[in-house]
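Number of protein chains: 2
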Amino acid sequence: MKKDMDRMIIPKPAIVRLSTLYVLLENLEAEGKSMIYSAEIGKLLGVPSHTIRKDISFLRQAGTGNGYEITNLKNIIAEYLGFNKYKKACIVGMGRLGTVITTKNGFYSNQYAVVAGFDNNPEKIKKGRNDMDLYPMSKLKEVIDREQIKIGIITVPQSSARKVANELIDCGIKGIINFSPVLIEINREDVFIRNIFIAGEFNILSALISQYENKQTLGE
Amino acid sequence: MKKDMDRMIIPKPAIVRLSTLYVLLENLEAEGKSMIYSAEIGKLLGVPSHTIRKDISFLRQAGTGNGYEITNLKNIIAEYLGFNKYKKACIVGMGRLGTVITTKNGFYSNQYAVVAGFDNNPEKIKKGRNDMDLYPMSKLKEVIDREQIKIGIITVPQSSARKVANELIDCGIKGIINFSPVLIEINREDVFIRNIFIAGEFNILSALISQYENKQTLGE
DNA sequence: TTGATATCGTGAAAAGATTCACCGGAGTTG
DNA sequence: CAACTCCGGTGAATCTTTTCACGATATCAA
């Protein structure tokens with residue numbers, strides 16, 4: 001029953017899709033649904049059903065041939081992709097955005113826990129409005145080590161984002177979600193950065209829309 | 221001097237990179253820098269220099285052979301990708317996240333304007349704390365038509381996200397930035413959705429980190 | 001002007017991701 | 001227990017994207 005033996009490398013886009021699928025399955029499970037078909041998933045995710053089947057087939061252990069059992073599929077994805085390994089995160093920058101993001105109001109899954117918040121403004125770390133512990137920046141390494149945190153969120157202003165990113169990496173953080181509108185230089189293949197770049201999203205949409213329009217015009 | 225004639229189709233990932241590059245160039249320009257090399261850009265964006273050169277070469281009109289003039293490159297990208305076409309956006313959901321995102325605190329580029337905010341809670345649209353006009357949901361179509369808005373931001377709770385997305389699309393919106401933690405069904409190729417999915421980002425990082433670790437273990 | 005150096009631009013090769021098409025197993029029906 | 005239908009699984013074909021390698025062009029110094 002070779003499980004780890006032939007664990008192949010999954011295309012990155014497939015990882016991203018499966019990660020999203022996982023959240024979808026969580027939602028469906030909460031709604032009380034128990035089975036789902038590839039075609040249905042595809043519709044919900046906006047991708048063709050064969051893409052879904054292929055993605056799932058990379059896991060090499062899923063279905064029985066007739067639909068997917070939601071809880072089971074969810075667990076297989078979590079296990080295969082290692083979701084259960086790194087559940088703790090910390091956040092640097094307790095301004096308004098940082099506070100909103102980490103408030104348990106449904107904008108982040110309760111599967112993960114943001115266990116520590118940092119800011120170098122003492123005022124910001126006084127307010128006990130959050131569900132997590134707040135610390136000054138000087139405690140960064142201590143807390144990350146103690147809590148074994150591997151994921152960091154950056155919500156500091158532009159000017160200090162890069163510095164903070166480097167500090168996090170030095171403290172052993174392996175994954176960063178960056179909300180600050182600045183690009184972070186990465187030159188280590190063992191650290192992953194997800195830039196959530198609101199200004200960039202506008203540009204991307206703008207470009208996609210007008211590229212689509214051009215295509216239409218050319219085609220006619 | 222055929223410009224539009226041989227306008228080729230640019231790979232989507234290249235569009236996304238160029239869109240990000242644009243924001244980088246804005247930053248650099250603001251810092252007073254005037255020239256930049258592909259290697260430098262690559263370092264800042266975390267991609268190899270040849271990828272940058274290739275991306276820029278899709279534009280077919282850029283360099284002189286020795287570095288890029290920042291302002292010029294910026295303008296070429298904007299022109300080619302149509303950034304100057306759709307600058308107006310609206311936002312639905314004036315809760316805390318919606319308010320933070322649209323506050324001019326540096327989290328979104330001043331190149332775009334969120335000109336209207338909607339909410340169906342009359343309380344939320346009373347506070348004059350924002351820089352934009354606020355309306356009840358009933359005015360959606362009227363305002364979108366009048367202002368010729370093509371981009372919409374969704375910051376409503378999970379339960380109504382899908383409904384809101386459909387309403388926006390019905391009103392003629394062509395690009396959506398969705399912050400709600402729910403997947404939106406799209407079955408129109410003329411509407412583009414960018415899901416900013418915080419819970420999903422955690423999963424993705426978690427998966428990338430553990431996939432990396434597996435690779436390391438296998439390789440040794 | 002000439003040579004040396006640095007950097008871009010791009011066609012072609014390689015790698016990577018998606019789509020296709022068909023096989024086979026699981027339910028279902030009579 | 002066939003026969004039929006519906007789906008998932010997956011190798012192979014196709015399509016897309018990235019990487020490579022090298023010719024061409026600009027810059028600078030002497």
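Chains as they are written, first to last, in this note's numbering: chain A, 1 to 220; chain B, 221 to 440. Idealized CB from N, CA, C, for every residue including glycine.
Handout entry: Alpha-carbon to alpha-carbon, A:Ala39 and B:Ile416
Key = 24 Å
Handout entry: Secondary structure, alpha helix (DSSP H): runs of 4+ residues fully inside the region 269 to 310 of chain B
Key = Segments of the alpha helix (DSSP H) lying fully in the region 269 to 310 of chain B: 269 to 277, 290 to 301.
Problem - Cβ contact check for the region 413 to 433 of chain B and the region 390 to 398 of chain B: 3 or more pairs under 8 Å - result: The region 413 to 433 of chain B makes contact with the region 390 to 398 of chain B, as at least three CB pairs between them are under 8 Å.
Practice task
Measure from the C-beta of B:Leu279 to each C-beta in chain A and report whether the shortest distance is under 7 Å.
Solution key: Not one chain A Cβ lies under 7 Å of B:Leu279.
Exercise for the section: Could you check the C-alpha separation between A:Leu24 and B:Leu241 for me, to the nearest Å? Expected result: 32 Å
Practice task
Check A:Ile10 in the structure and name its three-state DSSP category.
Solution key: coil
Handout entry: Against chain A: residues of the region 409 to 421 of chain B by CB proximity under 8 Å
Key = Glu409, Asp410, Phe412, Ile413, Arg414, Asn415, Ile416, Phe417, Ile418, Ala419, Gly420, Glu421
Problem - Bridge partner(s) assigned by DSSP for B:Arg414 - result: B:Ile397
Practice task
Taking only beta-carbon positions, decide if B:Thr271 is within less than 7 Å of chain A.
Solution key: no
Problem - Delimiting residues of the alpha helix (DSSP H) encompassing B:Asp351 - result: Premise fails: B:Asp351 is in no alpha helix (DSSP H) and is neither H nor E.
Problem - Residue-chain proximity (A:Ile41, chain B), Cβ-Cβ < 7 Å - result: No Cβ of chain B is located within less than 7 Å of the beta carbon of A:Ile41.
Handout entry: Assigned exposure category for A:Pro181 - 16 Cβ within 10 Å defines buried
Key = buried
Problem - Listed by chain order, chain A residues near B:Gly313 by CB distance under 8 Å - result: Going along chain A, no residue has its Cβ under 8 Å from B:Gly313, so there is no contact; the nearest lies around 11 Å.
Problem - For B:Ile424 and A:Val16, the rounded distance between their alpha carbons - result: 6 Å
Exercise for the section: Would you mind giving the Cβ-Cβ distance between A:Ala78 and A:Tyr112, rounded to the nearest angstrom? I have them listed as a contact below 8 Å. Expected result: Wrong, their Cβ atoms sit about 12 Å apart, outside the cutoff.
Practice task
With 7 Å as the threshold, decide whether the Cβ of B:Leu388 is near any Cβ in chain A.
Solution key: no
Handout entry: Contacts around A:Lys74, its chain only, beta-carbon distance under 8 Å, and the 5 residues preceding and following it disregarded
Key = Tyr22, Leu25, Glu26, Glu29
Handout entry: Partner residues on chain A for B:Phe257, Cβ-Cβ distance less than 8 Å
Key = Note that residue 257 of chain B is Tyr in the sequence shown, not Phe. Those within 8 Å of B:Tyr257 in chain A number zero; the least Cβ separation is about 15 Å.
Handout entry: Residues bridged to B:Val312 (per DSSP)
Key = B:Phe338, B:Ile374
Practice task
Assign B:Ser254 to buried or exposed, taking buried as 16 or more other Cβ atoms, counted over all protein chains shown, within 10 Å of its Cβ.
Solution key: exposed
Practice task
May I ask which residues mark the beginning and end of the alpha helix (DSSP H) holding A:Gly42?
Solution key: 38 to 45
Practice task
Could you spell out the range, first to last residue, of the alpha helix (DSSP H) harbouring B:Ile364?
Solution key: 360 to 367
Handout entry: Amino acids of chain B, ordered along the chain, whose beta-carbon sits closer than 8 Å to that of A:Ala89
Key = Residues of chain B with a Cβ closer than 8 Å to the Cβ of A:Ala89 are, in chain order, Phe422.
Exercise for the section: Closer than 8 Å, Cβ to Cβ, to anything on chain A: give me those residues from the region 232 to 253 of chain B, in chain order. Expected result: Lys232, Ile235, Val236, Leu238, Ser239, Thr240, Tyr242, Val243, Leu244, Asn247
Exercise for the section: Quick one: using the 10 Å Cβ neighbour count with 16 as the cut-off for buried, is A:Met5 buried or exposed? Expected result: Residue placement at A:Met5 is poorly supported in this model, since its pLDDT is 40, which falls under 50; the coordinates are not used for a value here.
Exercise for the section: Compare the C-beta of B:Ser380 with all C-beta atoms of chain A and state if any pair is closer than 7 Å. Expected result: no
Practice task
Can you check DSSP and say which residues form a bridge with A:Ala221?
Solution key: With chain A covering 1 to 220 only, the question about residue 221 of chain A has no answer from this structure.
Exercise for the section: Pull up the distance between the alpha-carbon of B:Gly285 and that of B:Tyr257, whole angstroms please. Expected result: 10 Å
Handout entry: Cβ of A:Leu205 within 7 Å of any chain B Cβ
Key = yes
Handout entry: CB contact check: B:Val320 to chain A, cutoff 7 Å
Key = yes
Practice task
With 7 Å as the threshold, decide whether the Cβ of B:Gly337 is near any Cβ in chain A.
Solution key: no
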